[in-house]
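A.B. asks: Its first residue numbered 487, the sequence shown is counted upward by one per residue in the UniProt record's numbering. C-beta atoms are modelled at their ideal positions from N, C-alpha and C, and glycine is treated no differently. None of these values were measured; they are calculated from a predicted model. I am attaching a structure below and will ask some questions about it afterwards.
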Amino acid sequence: QARASLQKVGVFDPAAYGDPARNLSLMGEMRRALEDGDIHLVHQPKYNYRTGRIDSAESLVRWRHPSRGMIPPDLFVPMAEETGHVRALTDWVLQRAVEDQQRLSAAGFKLTLAINISARLLSDTDFAQSAIQRVRQAPHTICFEITETAVIDNPKVALENIELFAANGIRVAIDDYGSGLSSLAYLKQLPAHELKIDKMFVQNITTSQRDALLVRSTIDLAHGLGMDVTAEGVETPAAFALLATMRCNLAQGYLVSRPAPLDELMTLLADEKRL
Ligand code: C2E
Ligand code: CA
Ligand code: CA
Ligand code: CA
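Here it is as structure tokens:
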């Protein structure tokens, strides 16, 4: 818990990741892994309560290492952030998401794909400009998920870049809402279209009245600010149903689908179409 909050405020704790020298060599392998296809994307659908359909998905990165097996993103993304590799990783993820979005579109599925933007990159103006270029053909089909802490770390530049994304038609989502140092002031300033409530609150809504109250009021607050709300970590039919009564807009979690490769996502969407 303490370690998690340290990471949140951006203090690197090498002990948390085992041998630093090994980690550095792992990062040295990242570029090749991106080229060789050891790193790939999976997509996790978001169910839209209003339309009753899946109309967006979050693209998440996976690294299948030839000798070390699956390396979880919670491990290598923070490493990439610390070693200056996160720009290359995110450029690759964005490029791939744009391509997958085009493949979906060509197959007749109109979906918005969301990618995660590291806190650090948000205050990088060069990244912001190049990201806008990369999505210029259909910016409204791409969403950037950003965490609140990103804005708290370097408010001025981060806010300018987020405004730039929104002004250029990119959808902006605030990720993991409630898990960090939430600030109403920044929430008010951010030109975000979507608020994602962290799974840590969603997972207990059917057993904890307190969590249910927090989620309900967050949904009302977000709606008051003109944002859609996504609940993360929806794992049970009971939670899914309760969220509907709370007027939640989107549900994401293992109940709807685990993150899946593009071809599996297309199969899921095709089955849904037939319903
Ligand atoms: P996140 O953005 O909060 O992503 C959601 C995580 O929750 C994913 O884990 C997803 O697999 C997991 N999840 C989804 N539904 C459920 C559920 O119903 N129950 C439970 N228990 N978990 C669920 P994943 O893919 O391991 O990603 C972990 C984190 O790694 C992400 O958290 C995100 O912060 C980071 N990450 C992943 N891909 C990227 C990327 O391309 N770029 C950056 N910057 N970060 C990434
Ligand atoms: Ca996310
Ligand atoms: Ca999240
Ligand atoms: Ca998370």
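Identify the continuous beta strand (DSSP E) that holds Y663 and give its terminal residues.
C.D. replies: Here residue 663 refers to the residue found at position 177 of the sequence shown. Here the beta strand (DSSP E) through Y663 covers R657 to Y663.
A.B. asks: Answer yes or no: the CB of D661 versus the heavy atoms of ligand 2, is any distance below 7 Å?
C.D. replies: For the purposes of this step, residue 661 is taken as residue 175 along the sequence shown, with counting starting at 1. Under cutoff, so the answer is yes.
A.B. asks: Could you give the distance in angstroms between the alpha-carbon of residue 769 and the alpha-carbon of L597?
C.D. replies: As displayed, the chain neither begins before 487 nor continues past 761, which places residue 769 out of reach and without an answer.
A.B. asks: In whole angstroms, give me the CA-to-CA distance for N647 and A566.
C.D. replies: Sequence index remark: in the sequence shown, residue 647 carries index 161 (1-based). Sequence index remark: in the sequence shown, residue 566 carries index 80 (1-based). Taking the straight line joining both Cα atoms gives about 21 Å.
A.B. asks: Between A519 and Q530, is the Cβ-Cβ spacing less than 8 Å?
C.D. replies: The residue given as residue 519 occupies position 33 in the sequence shown. The residue given as residue 530 occupies position 44 in the sequence shown. Not a contact, by the Cβ cut-off of 8 Å.
A.B. asks: Looking only at its chain, what residues have a beta carbon closer than 6 Å to the beta carbon of G739, apart from the 5 residues adjacent to it on each side?
C.D. replies: Here residue 739 corresponds to residue number 253 of the sequence shown, with the count starting at 1. Counting only Cβ-Cβ distances below 6 Å, and skipping sequence neighbours, we find G719, V720 and E721.
A.B. asks: Report buried or exposed for V495, applying the criterion of at least 16 other Cβ atoms within 10 angstroms of its Cβ.
C.D. replies: Counting from one through the sequence shown, the residue named residue 495 turns up at place 9. Reliability fails at V495, whose pLDDT of 35 lies under 50, so the model's placement of it is uncertain and no value is given.
A.B. asks: For V643, I'd like the list of residues in its chain whose CB is within less than 6 Å of its CB, leaving aside the five on either flank, ordered along the chain.
C.D. replies: Locating residue 643 in the sequence shown gives position 157, counting from the first residue. Only S609 meet the Cβ criterion.
A.B. asks: Can you list, in chain order, the residues of its chain with a C-beta nearer than 8 Å to that of L510? Leave out the 5 residues immediately preceding and following it.
C.D. replies: Locating residue 510 in the sequence shown gives position 24, counting from the first residue. Around L510: T569.
A.B. asks: What is the DSSP secondary structure of P723, counted as helix, strand or coil?
C.D. replies: Indexing the sequence shown from 1 puts residue 723 at position 237. In this structure, P723 counts as helix in the three-state DSSP scheme.
A.B. asks: Between V528 and P747, what straight-line distance do the alpha-carbon atoms span, to the nearest angstrom?
C.D. replies: Counting from one through the sequence shown, the residue named residue 528 turns up at place 42. Counting from one through the sequence shown, the residue named residue 747 turns up at place 261. Roughly 5 Å separates the two Cα atoms.
A.B. asks: Determine the closest residue to E750 out of R554, K685, L590 and V621, with distance taken between C-alpha atoms.
C.D. replies: The residue given as residue 750 occupies position 264 in the sequence shown. Nearest of R554, K685, L590 and V621 to E750, Cα basis: L590.
A.B. asks: What number of angstroms, rounded off, separates the C-alpha of I628 from the C-alpha of D541?
C.D. replies: For the purposes of this step, residue 628 is taken as residue 142 along the sequence shown, with counting starting at 1. For the purposes of this step, residue 541 is taken as residue 55 along the sequence shown, with counting starting at 1. Distance between the alpha carbons of I628 and D541: 12 Å.
A.B. asks: Under a Cβ-count criterion, where at least 16 other Cβ atoms within 10 Å of its own Cβ denotes burial, should H571 be classed as buried or exposed?
C.D. replies: The sequence position of residue 571 within the sequence shown is 85, counting from 1. That one is buried.
A.B. asks: In this structure, does DSSP put A746 in helix, strand or coil?
C.D. replies: Counted from its first residue, the sequence shown places residue 746 at position 260. Strand at A746.
A.B. asks: Under a Cβ-count criterion, where at least 16 other Cβ atoms within 10 Å of its own Cβ denotes burial, should L492 be classed as buried or exposed?
C.D. replies: As a working mapping, residue 492 is identified with position 6 in the sequence shown. Reliability fails at L492, whose pLDDT of 38 lies under 50, so the model's placement of it is uncertain and the value that follows must be treated cautiously. L492 should be labelled exposed.
A.B. asks: By a C-beta neighbour count over all protein chains shown, 10 Å radius and 16 as the cutoff for buried, is L670 buried or exposed?
C.D. replies: Residue numbering aside, residue 670 sits at position 184 when the sequence shown is read from its first letter. Classification of L670: exposed, given that the 10 Å Cβ count is below 16.
A.B. asks: Please indicate yes or no: does the CB of N735 lie closer than 7 Å to some heavy atom of ligand 2?
C.D. replies: Position 249 of the sequence shown holds residue 735. No - ligand 2 has no heavy atom lying nearer than 7 Å to the Cβ of N735.
A.B. asks: State yes or no: is the C-beta of E718 nearer than 7 Å to some heavy atom of ligand 3?
C.D. replies: What you label residue 718 is simply residue 232 of the sequence shown in a count that begins at 1. Yes; taking the cut-off as 7 Å, the Cβ of E718 has a heavy atom of ligand 3 nearer than that.
A.B. asks: Determine the closest residue to I603 out of A592, K759 and V547, with distance taken between C-alpha atoms.
C.D. replies: For this step, residue 603 is matched to residue 117 along the sequence shown. The candidate whose alpha carbon is nearest that of I603 is V547.
A.B. asks: Out of K532, A730 and R550, state which residue places its alpha-carbon closest to the alpha-carbon of E515.
C.D. replies: As a working note, residue 515 is residue 29 in the sequence shown. Closest by alpha carbon: R550.
A.B. asks: Within the present structure, is the beta-carbon of P745 separated from the nearest heavy atom of ligand 1 by less than 7 Å?
C.D. replies: In the sequence shown, the residue the question calls residue 745 occupies position 259. Within the cutoff, so yes.
A.B. asks: By Cβ distance, which residues of its chain are closer than 8 Å to P559, with the 5 residues on each side in sequence left out?
C.D. replies: Against the sequence shown, residue 559 aligns to sequence position 73. Only L546, V547, R548 and W549 meet the Cβ criterion.
A.B. asks: Less than 7 Å between the CB of E631 and some heavy atom of ligand 2, yes or no?
C.D. replies: Walking along the sequence shown from the start, residue 631 turns up at place 145. Within the cutoff, so yes.
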